[in-house]
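Working notes, structure below.
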Amino acid sequence: MRISAIFVFVAVLILANSAFAASQKRGGWLYEKYCISCHGQDGSGTPYGKELFFPVKDLRPNYLLTSDEIGFMIRYGLFERELLGKGETLTDRDIDDLTAYIRTFRYIPNIKAGRRLYLRLCSICHGRDGTGDKNFVTPNLKESMISDIEMTRIIRRGRHDTAMINKRRRIYNTEIADMVNYILSIREKQS
Ligand code: HEC
Ligand code: HEC
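Count along the sequence shown starting at 1, add 726, and that's the number in my numbering.
Structure, rendered in structure tokens:
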């Protein structure tokens, strides 16, 4: 009885795993067909993509975006950008497979570079140590409990009606990943 339960469990794991691998493989094929010319082999962007008036975004730090966010941008494109909505050409499955493939790209954040950027771009409102500034009504980033994904979303989109304006156009995705990891590193550890 127990052994067969373990067997079923292992079989399900293997099947789920191979379904995921197949999805990634198919995604890789679609990526080469539709995306590689701008986004490049490793997701960091081709010279062509980087020279666009609004350059490509680096897809390597994609762990800071949810699959829904990635899928949404592939489906609908981005307004006035070269990333055209592919909802007409691609099926739901294509979009899921492309997202699975994009998930294979990796970026290792650089906390030191993140600290330098933070001091340059954020400390004026958030304070050099991240504890906030009364004049700007900024929250204490050391005590903030929001996740890295949520933090990324706020940096990219801003917060409506506050001094936290969106910075998506001005900061590279790799720089956001560096800063987010710096902010996580200065958080007071909750025990
Ligand atoms: C003609 C060039 C071009 C092609 C082809 C292209 N993209 Fe893009 N893509 C862009 C540009 C430019 C941006 C950045 C737009 C902006 O935010 O200013 C972008 C952004 C993105 C983003 C959002 C990244 C982020 O961090 O905001 C995703 C996801 C993406 N592309 C996926 C794809 C996928 C998947 C394909 C293939 C189906 C594809 N792109 C094809 C130019 C392209
Ligand atoms: C002009 C001032 C200003 C600048 C510059 C600024 N912020 Fe903010 N930020 C704010 C304000 C004000 C809030 C609070 C918004 C609110 O009330 O929800 C905020 C909120 C945030 C939050 C949400 C924290 C939480 O727990 O809710 C994060 C994360 C954040 N900022 C990161 C950054 C980063 C990273 C930079 C640098 C790239 C930056 N900010 C630059 C003013 C600023």
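Note that CB positions come from ideal geometry on N, CA and C, so glycine has one too.
Residues bridged to residue i [DSSP beta-bridge criterion]
i	result
G766	None, per the DSSP bridge assignment.
Segment limits, alpha helix (DSSP H) that includes residue i
i	result
S793	S793 to Y802
Y851	Reading off the sequence, residue 851 comes out as Cys, not Tyr. Start and end: S849 to H852.
L910	N899 to I912
M877	D874 to R883
V736	R728 to Y760
DSSP state of residue i mapped onto helix, strand, coil
i	result
L778	coil
L810	strand
D822	helix
K915	coil
Y833	coil
K838	helix
R846	helix
L785	coil
P865	coil
L816	coil
I828	helix
Whole-number beta carbon distance between residue j and residue i, since they are thought to touch under 8 Å
i	j	result
N892	I837	In fact, because the Cβ distance is near 24 Å, the residues do not count as touching under 8 Å.
I821	G803	Wrong, their Cβ atoms sit about 12 Å apart, outside the cutoff.
G884	K868	Not confirmed; about 21 Å, so no contact.
D930	P835	Past the boundaries of the shown model lies residue 930; the chain is included only from 727 to 917, so the question cannot be answered.
Residue-level contact to chain C via CB, residue i, 7 Å cutoff
i	result
R841	Going by chain labels, chain C is absent from the structure shown, which holds only one protein chain.
Would you be able to state if there are at least three C-beta pairs under 8 Å between the segment 826-833 and the segment 742-754?
yes
Flag this pair as touching only if the segment 764-778 and the segment 859-872 have three or more C-beta atom pairs under 8 Å; answer yes or no.
no
With three or more C-beta pairs closer than 8 Å as the rule, is the segment 817-826 touching the segment 898-917?
no
If we count Cβ pairs, one from each stretch, closer than 8 Å, do we get three or more for the segment 756-764 versus the segment 842-851?
no
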